[in-house]
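Asks:
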Amino acid sequence: MQERIKNMQKNVFDVLQERGFIGQLTHEEEIRQLLADEKVTFYIGFDPTADSLHVGHFIQIMVMAIMQQYGHKPIALIGGGTTMVGDPSGRTDMRKMLSLEQINSNGEKFKKVFEKFLDFSDDKAIMVNNADWLLNLNYVEFLRDVGACFSVNRMLTADCYKNRMENGLSFLEFNYMIMQSYDFLMLYQKYGCTMQFGGNDQWSNILGGVDLIRRKCAGSAYGMTFNLLVTSEGKKMGKTEGGALWLDAEKTSPYEFYQYWRNIADADVENCLMLLTFLPTEEVKQLASLQGSRINEAKVVLAYEVTKLIHGQEAADEARSAAEALFGQGEEKGSIPSTDIAVQAVEEGIDITDLLLLSGLAASKSEARRLVQQGGISLNGAKVENFADVVTLDNFEEGKVMLRKGKKIFHQILLK
RNA sequence: GGAGGGGUGCCCGAGUGGUUAAAGGGGGCGGACUGUAAAUCCGUUGGCUCAGCCUACGAUGGUUCAAAUCCAUCUCCCUCCA
Numbered sequence: 083m084q085e086r087i088k089n090m091q092k093n094v095f096d097v098l099q100e101r102g103f104i105g106q107l108t109h110e111e112e113i114r115q116l117l118a119d120e121k122v123t124f125y126i127g128f129d130p131t132a133d134s135l136h137v138g139h140f141i142q143i144m145v146m147a148i149m150q151q152y153g154h155k156p157i158a159l160i161g162g163g164t165t166m167v168g169d170p171s172g173r174t175d176m177r178k179m180l181s182l183e184q185i186n187s188n189g190e191k192f193k194k195v196f197e198k199f200l201d202f203s204d205d206k207a208i209m210v211n212n213a214d215w216l217l218n219l220n221y222v223e224f225l226r227d228v229g230a231c232f233s234v235n236r237m238l239t240a241d242c243y244k245n246r247m248e249n250g251l252s253f254l255e256f257n258y259m260i261m262q263s264y265d266f267l268m269l270y271q272k273y274g275c276t277m278q279f280g281g282n283d284q285w286s287n288i289l290g291g292v293d294l295i296r297r298k299c300a301g302s303a304y305g306m307t308f309n310l311l312v313t314s315e316g317k318k319m320g321k322t323e324g325g326a327l328w329l330d331a332e333k334t335s336p337y338e339f340y341q342y343w344r345n346i347a348d349a350d351v352e353n354c355l356m357l358l359t360f361l362p363t364e365e366v367k368q369l370a371s372l373q374g375s376r377i378n379e380a381k382v383v384l385a386y387e388v389t390k391l392i393h394g395q396e397a398a399d400e401a402r403s404a405a406e407a408l409f410g411q412g413e414e415k416g417s418i419p420s421t422d423i424a425v426q427a428v429e430e431g432i433d434i435t436d437l438l439l440l441s442g443l444a445a446s447k448s449e450a451r452r453l454v455q456q457g458g459i460s461l462n463g464a465k466v467e468n469f470a471d472v473v474t475l476d477n478f479e480e481g482k483v484m485l486r487k488g489k490k491i492f493h494q495i496l497l498k
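This is the structure we're talking about:
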């Protein structure tokens, strides 16, 4: 807490820069100055394309939270309107079109997450949905009013469109940039929002809005982008077997979530601590400087802190003790992923392959067989030698059996 | 609307009548080594009642003893022209 108060005196711009958030800026000096002198209203947009947010979004949320700590006012924009169009940025093919119902239900889930990280009381932050102004636009009116301000020639030079020139780009998607630019204009007029932030991939969309505000209102607006979460090798982070690393506990369990960060590469520890936790910079530097296997201590802190932010202290504690139990010494308690099985199913004996299938450790029997043949499966700590092995009640201790796949994936089967 | 090119396994991409469950690469998974790291090496990567069978090369129908490969129709995409 003292740390935070001390930080208060610093310019939030410097904090963001020091922590490695900042990517590109439209006007570096002006932005820095404004953030130091004024209470700035800024926005970040989130398109509800899935039923949960993921780590990429979390960085943006961190920025909003930090900005708010320093007295600035975030607008969390839910892209109920823009999702109807679909952002082509960073994509090689067109997005699947989502139904309005789907978009709305996703948007509701996003809302809940924002409420967890931002203080919306007393107008300290607001949440808006661009469906409110985009869905009922009059086409011709809009074209004359806003469309006239965009040069197709210039739009085509934008990176996000350039790489779609080969694979094709529909007119629908081509309009995305205009939609997002219009959002910024709306928020500028309605809430005095003068800054838009986003991931690096949003650069051209943000520029579009800055330009539009200048043309329509002769106003000054600014944009800033943040580095995407990538590994030291430049690969996108936050990918798991199941796709993205989701923030929703239903889609990525706290234990899996914890393990993801616990297993991060050495070289990425500092960056992740800076971007994904509120730990003071000095502490992060110190943790990241640990040498050799001691760097694992930093990974534990990272995993614990991030899990705590997303899933709460209790879930973080459970995930940590589960990990300690499985990988080291420690009482076995906590949240190891598990599957229930009926007693009668086991009484007659169940094939190990079926059990692997049931637990989700293998996607097919062939895969299960392969895993066993390659020595990748163990049951209660003993390697399974034969894929024809049958698991019976004798294998259960206190109503459960522990399966392990590979070195790090554990799964319990609970008798029911 | 016209002319041309193309749709192959998770992705990229070879393959133009049989020996092709389909080269090669990427990614994934497992193993070895380690620190629950990285790098490296080895193996594996459609399914099943697994040395046998089934399903697969955009879709449907056809030619053939035999088709991802030939023909027809449809469909989607790309390039150029309008």
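Going left to right, the first sequence walks through residues 83 to 498 as my numbering numbers them. Virtual Cβ for every residue (Gly too), placed ideally from N, Cα, C.
(1) Based on the DSSP output, what are the partners of L485 in its beta bridges?
(2) Determine, using beta-carbon pairs with one atom in the region 269-278 and one in the region 287-301, whether at least three such pairs fall under 8 Å.
(3) Restricting to runs no shorter than 3 residues, where is the beta strand (DSSP E) found entirely within the region 178-248?
(4) So what's Q159 in DSSP terms, helix, strand or just coil?
(5) Roughly how many whole angstroms lie between the Cα atoms of A132 and D476?
(6) Would you identify the three-state DSSP class for E111, choosing helix, strand or coil?
(7) Quick one: grab the DSSP three-state call for I346.
(8) Quick one: which unbroken alpha helix (DSSP H) runs of 4-plus residues sit fully inside the region 368-416? Chain order, please.
(9) Over the uninterrupted beta strand (DSSP E) stretch that includes M306, give me the two end residues.
(10) For A444 and L438, I'd like the C-alpha separation in whole angstroms.
(11) Can you give the Cα-Cα distance for K447 and A464, rounded to whole angstroms?
(12) Comparing C-alpha positions only, which one of K178, L117 and V425 sits nearest to V473?
(13) State the DSSP-derived secondary structure class of G290, mapped to helix, strand or coil.
(14) Between G138, I126, N218 and N287, which lies nearest to A326 when the distance is taken from Cα to Cα?
(15) Measuring alpha carbon to alpha carbon, tell me which of G172, P336, I432 and T435 ends up nearest H393.
(16) Do the CB positions of Y386 and A398 come within less than 8 Å of each other?
(17) Tell me which residue opens and which closes the alpha helix (DSSP H) that D96 is part of.
(18) Are the CB atoms of L497 and V428 within a distance shorter than 8 Å?
(19) Among F196, G291 and D436, which one has its Cα closest to the Cα of F232?
(20) Within 10 angstroms of the Cβ of S417, are there 16 or more other Cβ atoms? Answer buried if so, exposed if not.
(21) Can you give the beta carbon distance from I434 to V466, rounded, assuming they're within the 8 Å contact cut?
(22) So, is K390 buried or exposed, given that buried needs 16 or more other C-beta atoms within 10 angstroms?
(23) Using 8 Å for Cβ pairs, my map puts A213 next to G162. What's the rounded Cβ distance?
(24) Are the beta-carbon atoms of N211 and G229 separated by less than 8 Å?
(25) Look up V466 in the DSSP assignment and say whether it is helix, strand or coil.
(26) Determine the burial state of D265: buried for a count of at least 16 other Cβ atoms within 10 Å of its Cβ, exposed for fewer.
(27) Using the three-state DSSP reduction, which class does D169 fall into: helix, strand or coil?
(28) Taking contact to mean at least 3 C-beta pairs separated by less than 8 Å, is the region 351-364 in contact with the region 327-334?
(29) Please report the residue range of the alpha helix (DSSP H) in which I143 lies.
(30) Could you tell me the distance, in whole angstroms, from the CA atom of L254 to the CA atom of P362?
(31) Take the Cβ of N468 as the centre, count every other Cβ of all protein chains shown within 10 Å, and call the residue buried at 16 or more, exposed below.
(32) I need the straight-line Cα distance from K367 to Y340, nearest angstrom please.
(33) Looking at the unbroken beta strand (DSSP E) that takes in D422, where does it start and where does it end?
(34) If you count every other CB in all the chains shown that lies within 10 Å of the CB of Q373, and 16 or more means buried, which is it?
(35) I need the boundaries of the beta strand (DSSP E) containing T123, first residue and last residue.
(36) Quick one: what does DSSP say Q106 is sitting in, helix, strand or coil?
Replies: The short version:
(1) L461 and H493
(2) yes
(3) 208-211
(4) This sequence places Leu at residue 159; Gln is not what is there. Of the three classes helix, strand and coil, the one that applies to L159 here is strand, per DSSP.
(5) 43 Å
(6) helix
(7) coil
(8) 377-393 and 395-409
(9) Y304 to F308
(10) 5 Å
(11) 21 Å
(12) V425
(13) helix
(14) G138
(15) P336
(16) yes
(17) V94 to E100
(18) yes
(19) G291
(20) buried
(21) 6 Å
(22) buried
(23) 3 Å
(24) no
(25) coil
(26) buried
(27) coil
(28) no
(29) V137 to Q151
(30) 44 Å
(31) exposed
(32) 21 Å
(33) S420 to I423
(34) exposed
(35) T123 to F128
(36) strand
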